[in-house]
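Asker:
Numbering (my numbering), first residue to last: 114 to 368.
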């Protein structure tokens, strides 16, 4: 015998099951969407690292060819005594030796990513007067090579943003100096970027979303770097000004 109570109970049960089914399907959809999103992000990261690795090989080949050409020109110079010939040849050597203000030590020891970023950014700064010194310790290089991929990718992103800002500031300054040091300090790998600068900097505001020393700049780079840092508890950044040098320090815990 079907009663009113049993009909009401069946309706409620049906409605509850329907709600549960909808929630279940919704959760599955969200899970699939997040999985696809993560996969796309990983593919983008892989593509970026692959591009950097290929570009790094091109840069290395370019450096080898330039070095060989300079050696040949120097040998050629030793065979001639003509004053005019030496002047012309010196001009030709200076034309090819456009990076004479750049001093780089042990950069070949860095893994793909950081090395590609440094080569690419410095090479494309288009500032012949920029004086750059880069030094990496072998110990730090070895630790970077064994760093977990997720940590290393985040480190590359943060470093790239800070390097962009330091390059722009140094190029626009009178002295045009940029120094990069990578070394191990206790349980951390430390990346230190020092640069000269022209405009006044408010250290308390530099990580704000719209802060910039330039009127027409968006001022979003360091804001993004700080967001990446917040999602990686092993990475910390700091900034100070010492003797008219702006110093950015990136630390990543390795032990």
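All residues carry an ideal CB built from backbone N, CA and C; glycine is no exception.
Because the structure is a prediction, the values reported are computed rather than measured.
Between which two residues does the beta strand (DSSP E) carrying residue 295 extend?
Answerer: Where residue 295 is concerned, the enclosing beta strand (DSSP E) stretches over 290-298.
Asker: Just to confirm, is the Cβ distance from residue 283 to residue 290 under 7 angstroms?
Answerer: It is a contact, given that the beta carbons lie within the stated cut-off.
Asker: Buried or exposed for residue 308, please, with buried defined as at least 16 other CB atoms from any protein chain shown within 10 angstroms of its CB.
Answerer: By the neighbour-count rule (16 or more Cβ atoms within 10 Å), residue 308 is buried.
Asker: Could you pull the start and end residues of the alpha helix (DSSP H) that residue 262 belongs to?
Answerer: That run of the alpha helix (DSSP H) goes 262-285.
Asker: Give every residue of the same chain whose Cβ lies closer than 8 angstroms to the Cβ of residue 350, excluding the five residues on either side of it in the sequence, and list them in chain order.
Answerer: For residue 350, where only same-chain residues beyond five positions count, the Cβ hits under 8 angstroms are 271, 275, 338, 339, 342, 361, 362, 363, 364.
Asker: Are residue 253 and residue 295 close, meaning C-beta to C-beta below 7 angstroms?
Answerer: Taking 7 angstroms as the Cβ cut-off, residue 253 and residue 295 qualify as a contacting pair.
Asker: Going by the DSSP bridge assignment, what does residue 354 pair with across the sheet?
Answerer: Bridge partners of residue 354: 359.
Asker: Have a look at residue 135 and residue 368 and give me their C-alpha separation to the nearest angstrom.
Answerer: Cα-Cα distance, rounded: 46 angstroms.
Asker: Between residue 227 and residue 302, which are expected to be in contact by the criterion C-beta below 8 angstroms, what is the C-beta distance as a whole number of angstroms?
Answerer: Going by Cβ atoms, the distance from residue 227 to residue 302 rounds to 10 angstroms, so no, they are not a contact pair.
Asker: Closest by CA to residue 285, which one among 347, 355, 138, 240?
Answerer: Ranking 347, 355, 138, 240 by Cα distance to residue 285 puts 240 first.
Asker: Can you look up residue 147 in the DSSP assignment and give me helix, strand or coil?
Answerer: Three-state result, residue 147: helix.
Asker: In the DSSP output, what is residue 366 paired with across the bridge?
Answerer: Its beta-bridge partners are 301.
Asker: Tell whether a beta-carbon distance below 7 angstroms holds between residue 223 and residue 249.
Answerer: The answer is yes: Cβ separation under 7 angstroms.
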